[in-house]
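> In UniProt numbering, the protein residues as written are 1 to 96.
Note that CB positions come from ideal geometry on N, CA and C, so glycine has one too.
Dumping the structure here so I can ask a few things about it.
Right, here's the structure in full:
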């Protein structure tokens, strides 16, 4: 459970879009694409191994970006990302 002092500042919907775009761009960076490819290769299309190899690499890449926005890098920062968006702001045009 995160402490109240570790809470990131609330993001507007526009700020959240910028952060998301930066995270997506980070996955496209050549060094991160190689890391993800290696993790996928190690997982061999096995769901359990995907969680073991791919998820941690993806989380690390995400955390490298979001820490600049005040989110923690302790594993909670990424899961708290949606909570950092103001009420009702994260739902507008977020559908398929």
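Between residue 49 and residue 58, which are expected to be in contact by the criterion C-beta below 8 Å, what is the C-beta distance as a whole number of angstroms?
In fact, because the Cβ distance is near 14 Å, the residues do not count as touching under 8 Å.
> How would you label residue 52, buried or exposed, when you count the other beta carbons within 10 angstroms and need 16 or more for buried?
Exposed, because fewer than 16 other Cβ atoms sit within 10 Å of the Cβ of residue 52.
> Looking only at C-alpha atoms, which of 14, 71 and 38 sits nearest to residue 54?
Here the closest residue by C-alpha is 38.
> Near residue 19, what residues of its chain come up, given a Cβ to Cβ distance below 6 Å and the 5 sequence neighbours on each side ignored?
69.
> Can you give me the C-alpha to C-alpha distance between residue 32 and residue 40, rounded to a whole angstrom?
Computed Cα separation, rounded: 12 Å.
> Comparing alpha-carbon positions, which option in 35, 47 and 66 lies nearest residue 23?
Residue 66 is the option with its Cα nearest to residue 23.
> Starting from residue 27 and walking both ways along the alpha helix (DSSP H), at which residues does that stretch end?
It spans 13-28 - the alpha helix (DSSP H) in which residue 27 sits, taken as one unbroken run.
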